[in-house]
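Enquirer: Have a look at the structure that comes next, please.
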Amino acid sequence: MKNGLEDVIAAETQLSDVDGEGGRLIIRGVSLDHLVADCSYEGVAALLLDGLMERSFDEAQLREWLAKARAGTFHHVEAADASILALPPVDAMRALIARLPDGEDFDTALSLLAAPAVFLPAVLRLQRGEKPIAPDVSLPQAADILRMLTGQLPTREQTAALDTYLVTISDHGLNASTFASRVIASTQAGLTSSVLAAVSALKGPLHGGAPGPVLDMLDSIGAAENAGRWLGEALDRGERLMGFGHRIYRVRDPRADALKGALRPLIASEQVDSTRGALAEAVEAAALAILKARKPDRPLDVNVEFYTALLLEALGFPRDAFTGVFAIGRTVGWLAHAREQALDGRLIRPGSVYIGPLPAAA
Ligand code: COA
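Quick look at the structure:
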């Protein structure tokens with residue numbers, strides 16, 4: 000067996016397909032480039048949850064219910080005491096999600112879709128000594144997240160960039176956090192438990208915890224001319240370059256291009272410093288060249304985290320909150336997979352091979 004279980008098929012799903020050789024992501028029959036061009040976060044959420052809940056709904060209906068659910072979860076922010084606020088943002092957000100009741104019904108799913116979007120901005124504000132801002136039910140989720148973070152209505156370009164981000168990361172096959180969500184769902188523990196397990200899996204740096212370190216790397220490199228030397232020294236120390244490599248993709252991660260595209264209008268309208276983007280492109284090129292030279296047998300390309308880092312920084316999220324923003328977007332995928340698993344009804348319980356000592360003969 001391979002320790003990472005890469006050859007094991009552990010589920011049949013109608014939700015998404017990751018084509019690692021072709022560099023393609025399909026979500027419920029639609030390829031990512033089409034989704035990003037045509038669909039809002041609420042649209043992709045309606046698509047992912049379609050037929051999996053006891054109620055049917057369209058994008059507009061979900062937008063309205065989700066906005067009300069944001070308003071309905073805001074009171075939990077009062078529970079963010081000093082011990083919760085001393086935690087990293089994603090852990091504080093998880094602690095608040097743990098207050099939600101467990102269940103399999105649509106209202107539980109709605110609360111879970113809304114809760115991270117409300118809790119993360121509130122935690123960030125409280126951690127910097129500011130009052131949390133209540134949700135605005137007239138706004139779509141992406142715009143409201145930014146408003147609850149900054150206290151100001153975001154620009155059209157900022158809203159579109161976050162919306163594209165949320166669409167892009169909504170689901171991605173049987174990644175570690177989604178698998179965790181399905182394992183919990185198979186025990187019939189409830190959707191809140193599934194989401195809590197998934198957030199816990201997501202926060203590791205090999206999964207959703209990489210984008211903060213991508214910015215640390217860019218800061219440390221400082222200028223394009225340092226990139227080759229800096230990256231070479233990091234590899235000499237046995238470090239991995241954050242934002243590169245993927246378990247499934249052997250070519251460029253299609254999500255990286257979707258996010259790079261979402262950044263462009265912000266740069267063109269001078270809402271972001273263009274020198275940051277230029278440095279990132281130089282580092283990307285240098286990293287691809289050095290990885291190709293050092294690891295010729297292992298195709299290593301840019302992954303979703305590299306441009307996630309730039310996008311979320313441009314939108315004003317602090318880097319220790321990036322994993323929490325990822326969780327806001329991925330929760331819909333976790334919920335859809337949990338429901339798909341629960342409807343299947345079978346407990347996930349794989350076997351293992353015992354390689355320890357045997358009891359001594361009597
Ligand atoms: N930088 C340098 N080398 C890397 C690398 C990276 N980002 N990613 C993989 N490699 C190398 C490994 O060191 C290994 O080399 P070796 O065979 O000489 O020991 C080889 O590629 C295969 O690595 P492996 O651990 O089998 O790959 P994986 O499928 O487990 O790795 C990741 C997938 C994502 C965990 C890995 O690419 C990584 O750690 N990337 C950096 C973190 C990151 O960006 N995470 C976000 C993922 S979306």
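Heads up, the sequence shown is in numbering that gives the first Met the number 0, so the first residue is 0 and it goes up one at a time. Glycine is no exception: its CB is placed at the ideal position from the N, C-alpha and C atoms. No experiment lies behind these values; they were computed from the predicted model shown.
1) Quick check: what's the CA-CA separation for Ala326 versus Ala292?
2) Which residue spans inside the segment 220-262 form an unbroken alpha helix (DSSP H) run of at least 4?
3) Would you list, in sequence order, the uninterrupted beta strand (DSSP E) runs of no fewer than 3 residues that lie entirely inside the segment 178-217?
4) CB-CB under 7 Å to Leu310, same chain, minus the five flanking residues each way: which ones, in chain order?
5) Hey, is Pro411 close to the ligand COA, as in C-beta under 7 Å from one of its heavy atoms?
6) Compare the C-alpha of Leu119 against each of Gln60, Ser137, Ala94 and name the closest.
7) Along the chain, where does the beta strand (DSSP E) containing Leu138 start, and where does it finish?
8) In three-state terms, what does DSSP make of Leu24?
9) Under DSSP, the beta strand (DSSP E) around Ser15 begins and ends at which residues?
10) So what does Val301 bridge to, in DSSP terms?
11) At which residues does the alpha helix (DSSP H) containing Glu41 begin and terminate?
12) Take Leu72 and list the residues in its own chain whose beta-carbon comes closer than 6 Å to its own, dropping the five residues that flank it on each side.
13) Pick helix, strand or coil for Val282, following the three-state DSSP scheme.
14) In the DSSP assignment, find the unbroken alpha helix (DSSP H) run with Ser110 in it and report its ends.
15) Using a Cβ-based criterion (distance less than 7 Å to any ligand heavy atom), does Val362 qualify as near the ligand COA?
16) Can you grab the Cα-Cα spacing for the pair Tyr248 / Pro204, in whole Å?
17) Can you tell which of Gln340, Leu346, Ala360 has the C-alpha that lies nearest to the C-alpha of Leu173?
18) Give every residue of the same chain whose Cβ lies closer than 6 Å to the Cβ of Asp101, excluding the five residues on either side of it in the sequence, and list them in chain order.
19) So Leu217 and Ala279 are in contact, right, with Cβ under 8 Å, and what is the actual spacing, rounded?
20) Taking 8 Å as the cut-off, decide whether the C-beta atoms of Ala66 and Val136 are in contact.
21) Express the C-alpha separation of Ala97 and Arg155 in angstroms, rounding to a whole number.
22) So, at 8 Å on beta carbons, what are the nonlocal neighbours of Ala70 in its own chain, with the 5 sequence-adjacent residues on each side left out?
23) Here's the rule: buried if 16 or more other CB atoms are within 10 angstroms of the residue's CB, otherwise exposed. What is Tyr353?
24) Which residues does DSSP pair with Val35 in a beta bridge?
Expert: To lay it out plainly:
1) In the sequence shown, residue 326 corresponds to position 327, counting from 1. In the sequence shown, residue 292 corresponds to position 293, counting from 1. Ala326 and Ala292 have their C-alpha atoms spaced approximately 34 Å apart.
2) Entirely contained in the segment 220-262, the alpha helix (DSSP H) runs reaching 4 residues are, in chain order, 226-235.
3) You should have found no qualifying run.
4) Here residue 310 refers to the residue found at position 311 when the sequence shown is read from its first residue. By the criterion of a C-beta distance shorter than 7 Å, Leu310 is surrounded in its chain by Ala160, Tyr164, Leu258, Ala261, Leu262, once the five residues flanking it on both sides are discounted.
5) An answer regarding residue 411 cannot be provided, because it is not within the stretch 0 to 361 covered by the chain.
6) Position 120 of the sequence shown, counted from the first residue, corresponds to residue 119. Closest by alpha carbon: Ala94.
7) As a first step, residue 138 is located in the sequence shown; it is residue number 139 there, counting from the start. Following the DSSP letters along the chain, one finds Leu138 in no beta strand (DSSP E), marked with neither H nor E.
8) The residue given as residue 24 occupies position 25 in the sequence shown. When secondary structure is reduced to three states using DSSP, Leu24 falls in the strand class.
9) The sequence position of residue 15 within the sequence shown is 16, counting from 1. If you look at Ser15, you'll find it in the beta strand (DSSP E) that goes 15-18.
10) On the sequence shown, residue 301 is found 302 positions in, with the first residue counted as 1. Looking at the DSSP output, Val301 sits in a beta bridge with Phe243.
11) For the purposes of this step, residue 41 is identified with residue 42 of the sequence shown, where counting begins at 1. Taken as a continuous stretch (DSSP letters only), the alpha helix (DSSP H) holding Glu41 covers 40-48.
12) As a working mapping, residue 72 is identified with position 73 in the sequence shown. Just to set this straight, residue 72 is Thr in the shown sequence, not Leu. Result list for Thr72: Ser110, Ala113, Ala114, Val117, in chain order.
13) Position 283 of the sequence shown holds residue 282. DSSP places Val282 in helix when its eight states are reduced to three.
14) Stepping through the sequence shown from its first residue, residue 110 is reached at position 111. Where Ser110 is concerned, the enclosing alpha helix (DSSP H) stretches over 105-126.
15) Since the displayed the chain opens at 0 and closes at 361, residue 362 lies outside it and no answer follows.
16) If you number the sequence shown from 1, residue 248 lands on position 249. If you number the sequence shown from 1, residue 204 lands on position 205. In this structure, the alpha-carbon of Tyr248 lies about 18 Å from that of Pro204.
17) One-based indexing of the sequence shown puts residue 173 at position 174. Closest option to Leu173, Cα to Cα, is Gln340.
18) Translated into positions along the sequence shown, residue 101 becomes position 102. Hits under 6 Å: Gly189, Thr191, Ser192.
19) Within the sequence shown, residue 217 is the residue found at index 218, counting from 1. Within the sequence shown, residue 279 is the residue found at index 280, counting from 1. For Leu217 against Ala279, the beta-carbon gap comes to about 6 Å, under 8 Å, which counts as contact.
20) Residue mapping note: residue 66 aligns to position 67 of the sequence shown, counting from 1. Residue mapping note: residue 136 aligns to position 137 of the sequence shown, counting from 1. Yes. Within cutoff.
21) Here the question's residue 155 lines up with position 156 in the sequence shown. Here the question's residue 97 lines up with position 98 in the sequence shown. Those two C-alpha atoms are separated by around 33 Å.
22) In the sequence shown, the residue the question calls residue 70 occupies position 71. Result list for Ala70: Ala133, Pro134, Val136, in chain order.
23) In the sequence shown, the residue the question calls residue 353 occupies position 354. With fewer than 16 other Cβ atoms within 10 Å, it is exposed.
24) As a working mapping, residue 35 is identified with position 36 in the sequence shown. Bridge partners of Val35: none, in fact.
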